[in-house]
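There are 2 protein chains.
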Amino acid sequence: MKLKKKDRQEQLTQMIEETPFITDEELANKFGVSIQTIRLDRLELSIPELRERIKNVANKNWNETVRALPIDEVIGEVVNLELDNLAISILDIHEEHVFSRNQIARGHHLFAQANSLAVAVINDELALTANAEISFTRPVKLGERVVAKASVVGNDQKRTIIEVKSFVNNEIVFEGKFYMYRNTDK
Amino acid sequence: MKLKKKDRQEQLTQMIEETPFITDEELANKFGVSIQTIRLDRLELSIPELRERIKNVANKNWNETVRALPIDEVIGEVVNLELDNLAISILDIHEEHVFSRNQIARGHHLFAQANSLAVAVINDELALTANAEISFTRPVKLGERVVAKASVVGNDQKRTIIEVKSFVNNEIVFEGKFYMYRNTDK
DNA sequence: TCCACTATTAAGACTAGGTCCTAATAGTAA
DNA sequence: TTACTATTAGGACCTAGTCTTAATAGTGGA
């Protein structure tokens, strides 16, 4: 038996979410209904047309661009980014980040958040960490939210110096100074 | 005076690279030529139409988004361990460790290998990284095998100092000095 | 069984942002 | 002037839609 309208619309929503590059025609075939039905469904569900969906996916990243690092490769969620100036990301500490023994976040996760933010803030095709001085000023526990703030503090020909400070509730938990290689001269 | 064809085409290429979401019509206005001229230019330069360009950007993002990269619990494979003395682990650099753009291993993976080795070598219930000075001496590429060697170089009441050196084919790629907190006094 | 109602399908006009093709015109160098 | 490149114009066609109107199918209730 054919799906009821409601079920079809639920599956449709999910399918488009999973594979947004699907046309109405393909959807119509999958569900064994006409294109018009699919269009009515999209209308009711406020799902934009294919070309708009593609644009949204494209825009998501292009939106004032992370050049050295695609934004989804940053550890943590970037909430603010001004290239060559500053960047902020948040990372919620979950089970997979902590030592099972004591529920304390493993250092490399904090480092990864800070380091990838340092890479992201650099407005260049290539950015690699050369050196870093870091300190973990207090342990971070399961469930805490770490806010990392990266700011560019210096530039010479081939290097950029970035300071990252990470906080939990305004309390500093990590501090790092990253000396980064860039691809191009300033 | 109007731009020569060659100059226009150069600028066109650059402009589309910078802002790929631009239509032929907008380009035609910017250069003060007809739409047809822009289309001939794109044809000669093998630049795809707007909708294709958007698709490319979207696709790229989609591919990179889908491939989430959480850091594995296992950071390298420990091949030798003498508590309170030295430890060795190996880490093979795969797709998930590198920047998609240039196939160079992301710093935090090398850090994670070294840091987790530093934690492992300490013969104590609790070991946390307090500070670290690290340097990445040469980029590590996809497919390379990183061998990290950690050795305890000092102890005071509450701290242990550990040096980690990571190699690819006997060539040093990473160096770090980790100042670790222990739970118990020595 | 008929009525009301929802769900579905169909058809037509129009859109953006193109492709592909042919043809006319402008500008320039030999 | 001739030959050539560069530019512009126009039309047919394309995809993946939009928006509108209208017809039909299917189902539940009195």
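Protein chains in written order, with my numbering: chain A, 1 to 186; chain B, 187 to 372. A virtual CB, placed ideally from N, CA and C, is assigned to each residue, including glycine.
Shorter than 9 Å from the beta carbon of residue 200 (chain B) to some beta carbon of chain A?
no
Could you pull the start and end residues of the alpha helix (DSSP H) that residue 276 (chain B) belongs to?
Note, residue 276 (chain B): premise wrong, no alpha helix (DSSP H); beta strand (DSSP E) at 272-278.
Checking the sheet assignment: what are the DSSP bridge partners for residue 136 (chain A)?
A:174
Would you kindly work out how many angstroms separate the C-alpha atoms of residue 270 (chain B) and residue 347 (chain B), rounded to a whole number?
10 Å
In the DSSP assignment, the alpha helix (DSSP H) including residue 111 (chain A) goes from what residue to what residue?
107-121
Closer than 7 Å by beta-carbon distance: list the chain B residues that pair up with residue 188 (chain A), in chain order.
For residue 188 (chain A) there is no data in the structure shown, the boundaries of chain A being 1 and 186.
Using beta carbons (cut-off 9 Å, strictly below), is residue 149 (chain A) in contact with chain B?
no
Going straight from the alpha carbon of residue 54 (chain A) to that of residue 280 (chain B), what length do you get?
Here the alpha carbon of residue 54 (chain A) sits roughly 30 Å from the alpha carbon of residue 280 (chain B).
Ignore the nearest five residues each way along the sequence and tell me which others in residue 198 (chain B)'s own chain have a CB closer than 6 Å to its CB.
Correct list, in chain order: 227.
Using C-beta distances below 8 Å, list every residue in its chain close to residue 292 (chain B), excluding the 5 sequence neighbours before and after it, in chain order.
283, 284, 285.
In its own chain, which residues sit with a C-beta less than 7 Å from the C-beta of residue 309 (chain B), not counting the 5 before and 5 after it?
Counting only Cβ-Cβ distances below 7 Å, and skipping sequence neighbours, we find 269, 270.
Can residue 91 (chain A) be considered in contact with the ligand SAH, in the sense that its beta carbon sits closer than 8 Å to one or more heavy atoms?
What this structure holds is no ligand at all, so the ligand SAH is not there to describe.
Kindly indicate which three-state DSSP category residue 344 (chain B) falls into: helix, strand or coil?
coil
With a 10 Å radius around its C-beta and 16 neighbouring C-beta atoms as the bar for buried, classify residue 301 (chain B) as buried or exposed.
Flag for residue 301 (chain B) reads buried.
Would you please verify whether the beta carbon of residue 314 (chain B) is less than 9 Å from any beta carbon of chain A?
yes
Check this for me: beta carbons of residue 147 (chain A) and residue 90 (chain A), under 9 Å apart or not?
yes
Would you check if there are 3 or more beta carbon pairs closer than 8 Å linking the region 128-141 of chain A to the region 317-326 of chain B?
Taking 8 Å as the limit for Cβ pairs, the verdict is that the region 317-326 of chain B does touch the region 128-141 of chain A.
Let me know if residue 352 (chain B) comes out buried or exposed under the rule of 16 or more other beta-carbons within 10 Å of its beta-carbon.
buried
Got a sec: is the Cβ-Cβ distance from residue 325 (chain B) to anything in chain A below 9 Å?
yes
Give a yes or no on whether 9 Å exceeds the smallest Cβ distance from residue 154 (chain A) to chain B.
no
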